[in-house]
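Numbering (the numbering used here), first residue to last: 77 to 208.
And the structure:
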């Protein structure tokens, strides 16, 4: 079987310009030519983001992005400055990630750094996956 990878993540929103601006600034992506009215954002690594206008209500929790920066606190501060808001989905605060919503209300998480995550796994390896 040939390799398969995620090429594009589409974010639907009633506020495409605000949401595109937010993700472009947060991730350092750039706007790329596109063959539709959607805004196409590309970076040097990772999938393309396609910001698409939609009048439909957001279905929270169906899918979200997890971002793993080198400095979680700095990334959270930057996201909030760019227009994100804290989102309460019942988390305790001890999870190792911070849940935010972009200006269009789409949820995403800012995870702890890779080094911090590896140290926490060494102390607590977790439980086996239910699909193993």
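For each residue, glycine too, the CB sits at the ideal point set by N, CA and C.
Worksheet item: Terminal residues of the continuous beta strand (DSSP E) containing residue 173?
Response: First-last of the beta strand (DSSP E) with residue 173: 173–177.
Fill in: Where the alpha helix (DSSP H) containing residue 148 begins and where it ends
148–157
Practice prompt. Kindly confirm or deny that the segment 126–137 and the segment 82–91 touch, where touching means at least three C-beta pairs closer than 8 Å.
Written response: yes
Worksheet item: Between the C-alpha atoms of residue 78 and residue 84, what's the straight-line distance to the nearest angstrom?
Response: 18 Å
Worksheet entry | Residues near residue 99 in its chain [Cβ-Cβ closer than 8 Å; skip 5 each side] | 87, 105, 117, 125, 127 and 178
Worksheet entry | Segment limits, alpha helix (DSSP H) that includes residue 91 | No alpha helix (DSSP H) holds residue 91; DSSP gives it neither H nor E.
Worksheet item: Using a threshold of 8 Å, is the CB atom of residue 116 nearer than that to any non-hydrogen atom of the ligand SAH?
Response: Ligands displayed in this structure: none; no statement on the ligand SAH is therefore possible.
Worksheet item: DSSP beta-bridge partners for residue 183?
Response: 177
Practice prompt. Kindly list the residues whose CB is nearer than 7 Å to the CB of residue 197, restricted to its own chain and excluding five residues on each side of it in sequence; keep chain order.
Written response: Sequence-distant Cβ neighbours of residue 197 in its own chain, meaning closer than 7 Å and more than five residues away, do not exist here.
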